[in-house]
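Trainee: After the structure tokens below, expect a handful of questions from me.
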Ligand SMILES: Nc1ncnc2c1ncn2[C@@H]1O[C@H](COP(=O)(O)OP(=O)(O)OP(=O)(O)O)[C@@H](O)[C@H]1O
Ligand SMILES: [Mg+2]
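Numbering (this note's numbering), first residue to last: 19 to 308.
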């Protein structure tokens, strides 16, 4: 198969793992930087020009679109799709998962359990939501944060006002969320390929940190998932219209709660912790389906 991996960096761990797994299975695979693609529509034909080369229509596109390139990246994915090439994750799936509130709306709408979450266009309203509903501490998240940056634990009124001011001035939209204290400093990362859980780990935050992201110093360990956790993770990925994704879950008193679905999940942490060759799982899935 002719496979294009859309990625900004050939040296990124996840990109190079998927690339080498595809090569090993004798696929014709290329890494294409989506930000260097020029898109043409001419006489109803969709053309992608990459460094002066007109790209052939691939048999499959694997998007690895980072959060800083969501808009142009998904536009490139859509261009390939309109060209007639199948894509592993669709532009709308990537879009749905990238916006934390939109993804929670879609999930809760299909009865997937999530933490209580509030969104207001007006941060003065947010103050009222805190007073009436959330209390302290609560979680504040930038709508399109990643790697734990933009996720804050707000402990009192002074901190809340400081944060609201900061985000108002920066014109950044934020969501407010109930703090799941009982699972403090931990979360589950479940890696889904197709309709299957291929690997899972528990991430544990470093001391003095409530965010368990590996990029924030967290460490991973193997974990046994409950039936409920497997089931909601698989359903969540399907609801958002994705095929390959990382689902983040908190174990709360009320049961498993999904906080996020990631459409370009990293491979390094999960392969290291579980020993599962996730990249090979992705290529095997592609061979079966396409
Ligand atoms: N409601 C919550 N209660 C307790 N802890 C939370 C809550 N929401 C997030 N956290 C902690 O903060 C971490 C980061 O939050 P989240 O996954 O929402 O954003 P992100 O990691 O920045 O986004 P991405 O996974 O796309 O990089 C989580 O992994 C979890 O450890
Ligand atoms: Mg996360």
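Note that the Cβ used here is the ideal one computed from N, Cα and C, for glycine as well. Note that this is a predicted model, so its numbers are computed, not measured.
Using the Cα positions of residue 59 and residue 126, report the straight-line distance between them to the nearest angstrom.
Mentor: For the purposes of this step, residue 59 is taken as residue 41 along the chain shown, with counting starting at 1. For the purposes of this step, residue 126 is taken as residue 108 along the chain shown, with counting starting at 1. Spanning the two alpha carbons is a distance of roughly 38 Å.
Trainee: CB-CB under 8 Å to residue 121, same chain, minus the five flanking residues each way: which ones, in chain order?
Mentor: On the chain shown, position 103 is the one that residue 121 refers to. Closer than 8 Å at the Cβ level, and outside the excluded window around residue 121, lie 114, 115, 258, 278 and 279.
Trainee: Starting from residue 171, follow its DSSP beta bridges and name the residues at the other end.
Mentor: Reading the chain shown from its first residue, position 153 is the one you call residue 171. DSSP, once it has assigned bridges, lists 157 as partnering residue 171.
Trainee: Assuming contact is defined by CB atoms lying nearer than 8 Å, are residue 192 and residue 240 in contact in what I supplied?
Mentor: Sequence index remark: in the chain shown, residue 192 carries index 174 (1-based). Sequence index remark: in the chain shown, residue 240 carries index 222 (1-based). Cβ atoms of residue 192 and residue 240: not closer than 8 Å.
Trainee: Closer than 5 Å from C-beta to any heavy atom of ligand 2: which residues, in chain order?
Mentor: Going by the Cβ distance cut-off, the answer is 266 and 278.
Trainee: Who are the Cβ neighbours of residue 28 in its own chain at under 6 Å, not counting the five residues just before and after it?
Mentor: For the purposes of this step, residue 28 is taken as residue 10 along the chain shown, with counting starting at 1. Counting only Cβ-Cβ distances below 6 Å, and skipping sequence neighbours, we find 49.
Trainee: Below 7 Å, is the gap between the Cβ of residue 197 and the nearest heavy atom of ligand 1?
Mentor: As a working note, residue 197 is residue 179 in the chain shown. Yes; taking the cut-off as 7 Å, the Cβ of residue 197 has a heavy atom of ligand 1 nearer than that.
Trainee: Tell whether a beta-carbon distance below 8 Å holds between residue 119 and residue 135.
Mentor: One-based indexing of the chain shown puts residue 119 at position 101. One-based indexing of the chain shown puts residue 135 at position 117. In contact: residue 119 and residue 135 (Cβ atoms closer than 8 Å).
Trainee: Quick check on the burial criterion: 16 or more other C-beta atoms within 10 angstroms. Buried or exposed for residue 150?
Mentor: Against the chain shown, residue 150 aligns to sequence position 132. Under this definition residue 150 is an exposed residue.
Trainee: State the DSSP-derived secondary structure class of residue 26, mapped to helix, strand or coil.
Mentor: Within the chain shown, numbered from 1, the residue matching residue 26 stands at position 8. Looking at residue 26 - three-state DSSP - the assignment turns out to be coil, as it is neither helix nor strand.
Trainee: Helix, strand or coil for residue 70, going by three-state DSSP, please let me know.
Mentor: Position 52 of the chain shown, counted from the start, is the residue given in the question as residue 70. If DSSP states are grouped into helix, strand and coil, residue 70 belongs with coil.
Trainee: Whose CA, out of 272, 255 and 271, lies closest to the CA of residue 128?
Mentor: Against the chain shown, residue 128 aligns to sequence position 110. When only C-alpha atoms are compared, the closest one is 255.
Trainee: Is the segment 88-107 close to the segment 243-255, with three or more CB pairs under 8 Å?
Mentor: Too few Cβ pairs lie closer than 8 Å, so no.
Trainee: Closest to residue 200 by CA distance: which of 138, 133 and 56 is it?
Mentor: Here residue 200 is taken as the residue at index 182 of the chain shown, counted from 1. Residue 200 has its Cα closest to that of 133, out of 138, 133 and 56.
Trainee: Give every residue of the same chain whose Cβ lies closer than 7 Å to the Cβ of residue 82, excluding the five residues on either side of it in the sequence, and list them in chain order.
Mentor: As a first step, residue 82 is located in the chain shown; it is residue number 64 there, counting from the start. Contacts found: 23, 24, 25, 32, 33 and 282.
Trainee: Flag residue 165 as yes when its Cβ comes closer than 7 Å to any non-hydrogen atom of ligand 1, and as no otherwise.
Mentor: As a working note, residue 165 is residue 147 in the chain shown. Yes, since a heavy atom of ligand 1 falls inside the 7 Å radius drawn around the Cβ of residue 165.
Trainee: Starting from residue 99, trace the alpha helix (DSSP H) in both directions and tell me its first and last residue.
Mentor: Reading the chain shown from its first residue, position 81 is the one you call residue 99. 88-101 is the extent of the alpha helix (DSSP H) around residue 99.
Trainee: Does the beta-carbon of residue 44 have 16 or more other beta-carbons within 10 angstroms, so that it is buried, or is it exposed?
Mentor: Taking the chain shown and counting its residues from 1, the one referred to as residue 44 is at position 26. Residue 44 comes out exposed.
Trainee: Chain D beta carbons: is any one of them nearer than 8 Å to that of residue 239?
Mentor: Absence of chain D from the displayed structure is noted, only one protein chain being present.
Trainee: CB-CB under 8 Å to residue 235, same chain, minus the five flanking residues each way: which ones, in chain order?
Mentor: Taking the first residue of the chain shown as position 1, residue 235 is located at position 217. Cβ neighbours of residue 235 beyond the five flanking positions: 223, 224 and 227.
Trainee: Which of the three DSSP states, helix, strand or coil, is assigned to residue 128?
Mentor: Within the chain shown, residue 128 is the residue found at index 110, counting from 1. Coil, per DSSP.
Trainee: Please classify residue 121: does DSSP put it in a helix, a strand, or coil?
Mentor: Reading the chain shown from its first residue, position 103 is the one you call residue 121. If DSSP states are grouped into helix, strand and coil, residue 121 belongs with the helices.
Trainee: Give the single residue among 54, 220 and 137 whose Cα lies nearest to the Cα of residue 72.
Mentor: For this step, residue 72 is matched to residue 54 along the chain shown. The shortest C-alpha separation from residue 72 is found at 54.
Trainee: Under 8 Å Cβ to Cβ from residue 219, same chain only, skipping five residues before and after it: list those, please.
Mentor: The residue labelled residue 219 in the question sits at position 201 within the chain shown. Contacts found: 206, 207, 238, 239, 240, 241, 287, 288, 291 and 292.
Trainee: Less than 8 Å separating the beta-carbons of residue 250 and residue 130?
Mentor: Here residue 250 is taken as the residue at index 232 of the chain shown, counted from 1. Here residue 130 is taken as the residue at index 112 of the chain shown, counted from 1. Taking 8 Å as the Cβ cut-off, residue 250 and residue 130 qualify as a contacting pair.
Trainee: Alpha carbon to alpha carbon, what distance is there between residue 268 and residue 21?
Mentor: For the purposes of this step, residue 21 is taken as residue 3 along the chain shown, with counting starting at 1. For the purposes of this step, residue 268 is taken as residue 250 along the chain shown, with counting starting at 1. One C-alpha to the other measures close to 35 Å.
Trainee: What are the boundary residues of the beta strand (DSSP E) that includes residue 58?
Mentor: For this step, residue 58 is matched to residue 40 along the chain shown. Residues 55-60.
Trainee: For residue 84, verify whether its CB is less than 7 Å away from any heavy atom of ligand 1.
Mentor: As a position in the chain shown, residue 84 is number 66, starting the count at 1. The answer is no for residue 84.
Trainee: In the structure shown, what three-state DSSP assignment does residue 63 receive?
Mentor: In the chain shown, the residue the question calls residue 63 occupies position 45. It is a strand residue.
Trainee: For residue 102, count neighbouring C-beta atoms within 10 Å of its own C-beta (all shown protein chains included) and say buried if the count is 16 or more, exposed if not.
Mentor: As a first step, residue 102 is located in the chain shown; it is residue number 84 there, counting from the start. Per the 10 Å Cβ criterion, exposed.
Trainee: Could you give the distance in angstroms between the alpha-carbon of residue 231 and the alpha-carbon of residue 265?
Mentor: Your numbering for residue 231 matches position 213 in the chain shown. Your numbering for residue 265 matches position 247 in the chain shown. Looking at the two C-alpha atoms, the distance is approximately 13 Å.
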